[in-house]
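Quick notes on the structure that follows.
2 protein chains.
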Amino acid sequence: MSHLNLNPQSIAIVGASHTPGKVGYNTLRNILVSRYKGAVYPVNPKGGEILGLECYSSLLEIKNKIEMAVITTPAVLVPSVIADCAKKNVETAVVISSGFSEVGRPDLEKELLKVKGDVRIIGPNALGIKNPWGPLDAAFGPLDATFSYVMPKKGGIGLISQSGALLLGMAHLANEEAIGLSLIVSVGNKIDVDDADLIDYFNEDPHTKVIAIYLEQVNNGDRFMKAAKRSKKPIVAVKAGRSEAGLRATASHTGAMGGSDKIYDSAFRQAGIIRAFSVTELFDYANTLALMPKARNSRIGIVTNGGGLGITITDACESLGLEVPQPSPETLKRLRDLIPKEIKPGNPADLGGLANFSDCREAGKALIEDNKIGGVIMALVQTGLTKLEEYTSATIEVARRGKELGKPTIGCWMGGKQIRDLREILAESEVPIYPSVSRAAKVMAMLCSCYTK
Amino acid sequence: MSHLNLNPQSIAIVGASHTPGKVGYNTLRNILVSRYKGAVYPVNPKGGEILGLECYSSLLEIKNKIEMAVITTPAVLVPSVIADCAKKNVETAVVISSGFSEVGRPDLEKELLKVKGDVRIIGPNALGIKNPWGPLDAAFGPLDATFSYVMPKKGGIGLISQSGALLLGMAHLANEEAIGLSLIVSVGNKIDVDDADLIDYFNEDPHTKVIAIYLEQVNNGDRFMKAAKRSKKPIVAVKAGRSEAGLRATASHTGAMGGSDKIYDSAFRQAGIIRAFSVTELFDYANTLALMPKARNSRIGIVTNGGGLGITITDACESLGLEVPQPSPETLKRLRDLIPKEIKPGNPADLGGLANFSDCREAGKALIEDNKIGGVIMALVQTGLTKLEEYTSATIEVARRGKELGKPTIGCWMGGKQIRDLREILAESEVPIYPSVSRAAKVMAMLCSCYTK
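Read top to bottom, the protein sequences are chains A and B.
Numbering that gives the first Met the number 0 puts the first residue of the first sequence at 0, with every later residue one more than the last.
Numbering that gives the first Met the number 0 puts the first residue of the second sequence at 0, with every later residue one more than the last.
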């Protein structure tokens, strides 16, 4: 079987359209707009030129090697296109066309499988793929007049989604939260390439550090479990349709049968898959795993400039089974010099409102270097005194020291617009940062593997 | 006893300073910058002019009536200033000065109480107050060079905080989340005006619809319980220091003794106080209660443009004890015309990616007008197709219809920057909107009063 290839050197877009707004036009436009560096061949039997490129009448007319075909023709034509792909030794076909089992035409899917030969098929009824590292955007949105194009930032999360709409929403959300992705794949009806294949693919992909999956149904449980078990990279998954009403909605969304949530739960546990219960959690967990080592133990150090924030984080940590212990006497001695005299040094280490770069960095280092402590949360509240940039840079240095020691550092930044801007700086420096105490505590608990819902 | 007055027509700032950066300068500056319309009298025995205002040598030298005195002098001088307030019939004194029981000088607090007469004292060691409706900012931050001044938007949440830093952080956060406040009060050491007084005050305040409290300790449980029980407006509270480590941190933060979390929990329940477990929850609950009626029952309707989003919201609702039932046959008939034929109409009502203003509005109305349904969540995911503005305006109309019927409408908007901008439009139209399924489901569960942690 041909190798699945999601970083192709050449692409044919079969069903390329002359009409802006049509899927076959917009997908070609996205490939070009994404600054893709490989060769692009539009295929349309009517010929002519689209977006400055000469059309080929068929795949077979193209002389050069084609690594990927993106297909947007009507469903009834897709089997013959796939047969052409097989003849032409195309490695990967991304079938964006809909009109298959999701509308009661599973027969068309069987035809695809019959003629596909060595071709690996993504879809049909897939939204496409987005590869920020390529760069390559071979997905069909947007169709809106304002062209709200979205390409995620480069990063370490390989994302698989069974929902096309959610996939685009997640791409927007990732950018909004300053989270980097290595690749997004919309799997559509999963008649050939499924989650198991992609888990294997992401394990070979040098940019992917964590695999994140939004999943409504696993078709082949055995293959899925084996791939998950052999994965050397952590997997986080949302299985949607947990509740009965959710399952009912799943059935009418993708036609998936779902299956009892308990089965998924125990399967995930067996395969070492970390379960998330929403897209927010999926990103929070995956992002943290992409950037930080696991915690050494569940005893957490907290540094803050706001007493109240320190207390609420402490509460959130302890409610998830983490400990926020008194640090060693040695650490307390180091903290004493950094903390205003009217505040008692301890954990959380409350630096007071006026602390500067060095106070914050040294307090973070004192805690993360303490043998008792398994990981540190740097918590900042934006007051009228807070030296936001100083805390941010200090936190990056604490995180660097933590990585040397194999201990995670998480940021929890509470405030307004300026905070949002600083998040991007932290993200670039690979420090995960969350705007709420519960999200920060949850990811830390996940790193301590002691968090179970 | 004089009436507590947090919307004064005249203010003296005692301890006004000539030196920018000092608390006594910055507080005066904030009063002026906040576009306060009343009379302002700086008091400084050295005389001279500050920010264009002539200083008075003492409170008693001012001829006109003074409704509020804001005090920033050294702690040892505060008793004599309070004595002057009493002589001058000042109604409310906001004591920003620190150096009292929090640093081992409870004797100074006793002196204040001895000389205060009819004056109501907020603090000492308070950050001050911010009144967006006044407008009046009588709080001392910021001290930073860039003057990151923060005044919350006008709204219906009356906020009380025992933590000064957190209070400023919450003001920034409220603006970032497009949440409006009626007033913020930093209570400091609470020697006179406490949470109970402010609950009574907010019940009389025409702008306040909900009372939100960040609390580390209640000094007088009996007074607090009585005020909470007689409150006609809902109260949401975070009691920080739930865990043992959190309690330890509380003791070193405000010197508060805390007390067993179970006692607070059952007291809150008795008094009908809604308990939040973080500042995020505090705002989510308070904001929703300020804008929406309680749900009629716990059966929720969901409208969405993304199948996957609909399923995950359904899961989140059901995991909190809400139901997402099939709607009545009549409603299904109305939905049938609005939903693409390949999608089965139901609840969640999945409108597909291309739905427009009218589809979204009619689907929302169909569900909210269904007698089975107690409240509606309008959920939108930003894809390349989504008509963001159309959904937003449609959601506002659904919410309006819901209010007529006494049923709540919550938005759940998932995506990027454009989504954030639309949140402000929804906020202006008084529709609460949350960027995650769990937050949207949680507030709905709170409105159904079936959410218990």
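Glycine included, each C-beta is placed from N, C-alpha and C at the ideal position.
Helix, strand or coil for residue i per DSSP?
| i | result |
| --- | --- |
| M0/A | Because M0/A sits at a pLDDT of 49, beneath the cut-off of 50, its placement in the model cannot be relied upon, and the following sentence gives the value as read from the coordinates. Note: M0/A maps to coil in three-state DSSP. |
| K152/B | strand |
| V235/A | strand |
| I273/B | strand |
| Y40/A | strand |
| T451/A | Model confidence at T451/A stands at a pLDDT of 39, short of 50, so the residue's coordinates are unreliable; what they give is reported in the following sentence. T451/A: coil per DSSP, three-state reduction. |
| P434/B | coil |
| V209/A | strand |
| Q8/B | coil |
| S33/B | coil |
| M291/B | coil |
| C411/B | strand |
| G373/A | coil |
| D194/B | helix |
| G300/B | strand |
| L158/A | strand |
| E322/A | strand |
| D358/A | helix |
| T330/A | helix |
| K245/B | A small correction: the amino acid at residue 245/B is Gly; Lys does not occupy that position in the sequence shown. In the structure shown, G245/B sits in a helix (DSSP, three-state: H, G or I). |
| E368/A | coil |
| S428/A | coil |
Just tell me which of the options has its CA closest to the CA of residue i.
| i | options | result |
| --- | --- | --- |
| N29/B | A137/B, V75/B, N219/B | A137/B |
| A209/B | N218/B, L197/B, I61/B | The identity of residue 209/B in the sequence shown is Val, whereas the question assumes Ala. When only C-alpha atoms are compared, the closest one is L197/B. |
| I376/B | L446/B, T18/B, P19/B | L446/B |
| V94/A | K86/A, N88/A, L126/A | L126/A |
| R298/B | S160/B, G305/B, P326/B, E280/B | P326/B |
| R229/A | N286/A, A236/A, N202/A | N202/A |
| I81/A | P44/A, D106/A, I120/A | I120/A |
| K36/B | K87/B, V114/B, T71/B, L135/B | L135/B |
| L288/A | E429/A, T382/A, P324/A | E429/A |
| G20/B | A164/B, T71/B, L5/B, Y40/B | T71/B |
| G373/A | I272/A, V380/A, A365/A | A365/A |
| H171/A | K238/B, D349/B, I183/B, Q381/B | Q381/B |
| P205/A | T26/A, D191/A, A227/A, L182/A | L182/A |
| K293/A | K406/A, L107/A, V13/A | K406/A |
| E403/A | I367/A, W412/A, Y55/A | I367/A |
Can you list the residues of chain B that residue i reaches, using a CB-CB cut of under 7 Å?
| i | result |
| --- | --- |
| T313/A | S242, A244, G245, A248 |
| P347/A | A248 |
| N174/A | G415 |
Which chain B residues are close to residue i, counting only those with a beta carbon under 8 Å from its beta carbon?
| i | result |
| --- | --- |
| P141/A | T382, G383, L384 |
| S318/A | R241, S242, F276 |
| E341/A | E101, V102 |
| L425/A | Result: empty, since nearest Cβ-Cβ is about 17 Å, beyond 8 Å. |
| G127/A | Within 8 Å Cβ-Cβ: nothing; G127/A doesn't reach chain B, min ~11 Å. |
Would you mind telling me which residues of chain A sit closer than 8 Å to residue i, beta carbon to beta carbon, in chain order?
| i | result |
| --- | --- |
| V436/B | S277, V278, T279 |
Can you list the residues of chain A that residue i reaches, using a CB-CB cut of under 9 Å?
| i | result |
| --- | --- |
| I156/B | Ordered by position in chain A, no residue passes the 9 Å Cβ test against I156/B, which lies about 16 Å from the chain. |
| L331/B | Result: empty, since nearest Cβ-Cβ is about 12 Å, beyond 9 Å. |
Spell out a yes or no on whether the stretch 169 to 182 of chain A and the stretch 145 to 155 of chain A are touching, meaning 3 or more CB-CB pairs, one atom from each, closer than 8 Å.
The stretch 169 to 182 of chain A, when compared against the stretch 145 to 155 of chain A, does touch it at the 8 Å Cβ threshold.
Examine the Cβ distances between the stretch 47 to 55 of chain B and the stretch 98 to 105 of chain B and report whether three or more of them are shorter than 8 Å.
no
Interface residues of the stretch 409 to 420 of chain B facing chain D [CB-CB below 8 Å]
No chain D is present in this structure, whose protein chains are A and B.
Kindly confirm or deny that the stretch 415 to 432 of chain B and the stretch 380 to 391 of chain B touch, where touching means at least three C-beta pairs closer than 8 Å.
yes
Contact list for the stretch 39 to 54 of chain B against chain A, Cβ threshold 7 Å
none
Count the C-beta pairs between the stretch 236 to 247 of chain A and the stretch 312 to 329 of chain A that are closer than 8 Å, then say yes if the count reaches three, no if not.
Because the criterion of three Cβ pairs below 8 Å is not met, the stretch 236 to 247 of chain A and the stretch 312 to 329 of chain A do not touch.
Could you tell me whether the stretch 5 to 13 of chain B touches the stretch 59 to 66 of chain B, using the rule of 3 or more Cβ pairs below 8 Å?
The stretch 5 to 13 of chain B vs the stretch 59 to 66 of chain B: in contact.
Does the stretch 360 to 370 of chain A touch the stretch 284 to 292 of chain A, meaning 3 or more C-beta pairs lie closer than 8 Å?
Verdict: no, contact absent.
Of the residues that make up the stretch 211 to 226 of chain B, which ones have a beta carbon closer than 8 Å to any beta carbon in chain A?
Y213, E215
Can you pull out the residues from the stretch 268 to 297 of chain A whose beta carbon lies closer than 9 Å to at least one beta carbon of chain B?
Going along the stretch 268 to 297 of chain A in chain order, one finds F276, S277, V278, T279, E280 with a Cβ nearer than 9 Å to chain B.
Does the pairing of the stretch 299 to 315 of chain A with the stretch 263 to 275 of chain A give three or more beta-carbon distances under 8 Å?
no
By the 7 Å beta-carbon criterion, what residues does the stretch 58 to 74 of chain A contribute toward chain B?
none
Positions along the stretch 9 to 43 of chain A whose CB lies within less than 7 Å of some CB in chain B:
none
Taking a cut of 7 Å between CB atoms, which residues from the stretch 158 to 189 of chain B lie near chain A?
S162, A164, L165, L167, G168, H171, L172, N174, E175
Interface residues of the stretch 84 to 100 of chain A facing chain B [CB-CB below 7 Å]:
none
Within 9 Å of chain A by C-beta, residues of the stretch 109 to 135 of chain B in sequence order:
Under the 9 Å Cβ criterion, the stretch 109 to 135 of chain B contributes L126.
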